[in-house]
């Protein structure tokens, strides 16, 4: 059974802080990893994809991948209230999703 | 640019009634298409995926079925709804070139009473 696990949250951070979201996966052969943001009542929207070990930065978002540890994370710098949402980690191939981490950014 | 549509946006149906949800994609050809269900407070569950017209793979045995009558059209159906079918139904697409990257439609919220 392939699994994707995320820190359950909910996570609250003050505005301007760094939010750290974590995800582990069970399939060692997985090659592609994705972070989606889902606002309440809306569909998931793709934030970032990462395929290689290390960091990938896009604006205030940084995805980190460590295949040896089967770990992928998402850092959100200078968190804004508009970042308040549920963040879903997904593993490509057969596309397994974690259950999501709810993030609240407090003004 | 590519656009994915789903309808209806919301639906309230009695137990035992039939279901038909539709998804269409614009701006791309030969997309891979997916149906997911998200139950309240839970993660996404892949129900069906399709790599071409008439080609459907089922991930979870249940009372739902899917069809792909046209290249960019994907339909989710049921002959008799159960209470447990309530949830948020999401259609997604990916391209052949970047099959791992999925993009979601706006979703259909189904309540079975």
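Residue numbers (my numbering), protein chains in the order written: chain A, 1 to 107; chain B, 1001 to 1113.
Quick reminder that beta carbons are idealized off the backbone N, C-alpha and C, glycines included.
Nothing here was measured: the structure is a model prediction, and the numbers come from that model.
Quick check: is the beta carbon of residue i nearer than 8 Å to any beta carbon in chain A?
i: residue 1090 of chain B; result: yes
i: residue 1003 of chain B; result: no
i: residue 1111 of chain B; result: no
i: residue 1105 of chain B; result: yes
Leaving aside the five residues before and after residue i along the sequence, list all residues of the same chain whose C-beta is less than 7 Å from its C-beta, in chain order.
i: residue 1107 of chain B; result: 1006, 1088, 1089, 1090
i: residue 67 of chain A; result: 53
Do residue i and the ligand MN come close, with the Cβ less than 7 Å from some heavy atom?
i: residue 1108 of chain B; result: Of ligands this structure carries none, so the ligand MN is not represented either.
Leaving out five residues before and five after residue i in sequence, what residues of the same chain have Cβ atoms less than 6 Å from its Cβ?
i: residue 39 of chain A; result: 85
i: residue 1096 of chain B; result: 1030
i: residue 1024 of chain B; result: 1005, 1072, 1073
i: residue 1067 of chain B; result: 1075
i: residue 1033 of chain B; result: 1050, 1074, 1093
Closer than 8 Å, CB to CB, is residue i near chain B or not?
i: residue 44 of chain A; result: yes
i: residue 40 of chain A; result: no
i: residue 8 of chain A; result: no
i: residue 12 of chain A; result: no
i: residue 30 of chain A; result: no
i: residue 49 of chain A; result: yes
Inset, instruction - Name, going along the chain, the residues of the stretch 1063–1075 of chain B whose beta-carbon falls closer than 9 Å to a beta-carbon of chain A. - result: none
Legend entry - Sufficient close CB pairs (3 or more, under 8 Å) joining the stretch 63–82 of chain A to the stretch 1009–1026 of chain B: no
Inset, instruction - With 9 Å as the C-beta to C-beta threshold (strictly closer), list the residues of the stretch 77–103 of chain A near chain E in chain order. - result: Judged by its chain identifiers, the structure shown contains no chain E, and its protein chains are A and B.
Inset, instruction - Taking a Cβ distance cut-off of 7 Å, strictly less, list which residues of the stretch 61–78 of chain A are near chain B, in chain order. - result: none
Legend entry - Length-filtered (3 minimum) beta strand (DSSP E) runs lying within the stretch 1036–1075 of chain B: 1044–1052, 1055–1058, 1064–1070
Inset, instruction - Quick one: which residues of the stretch 1044–1062 of chain B get their C-beta closer than 9 Å to a C-beta of chain A? List them in chain order. - result: 1044, 1045, 1046, 1049, 1059
Legend entry - Residue ranges of each beta strand (DSSP E) within the stretch 11–42 of chain A, 3 or longer: 11–14, 19–25, 33–38
Inset, instruction - Identify each residue in the stretch 16–27 of chain A for which the Cβ-Cβ distance to at least one residue of chain B is less than 8 Å, and report them in chain order. - result: none
Inset, instruction - Report the residues of the stretch 1010–1037 of chain B with a CB closer than 7 Å to any CB of chain A, ordered along the chain. - result: none
Inset, instruction - Spell out a yes or no on whether the stretch 6–17 of chain A and the stretch 27–45 of chain A are touching, meaning 3 or more CB-CB pairs, one atom from each, closer than 8 Å. - result: no
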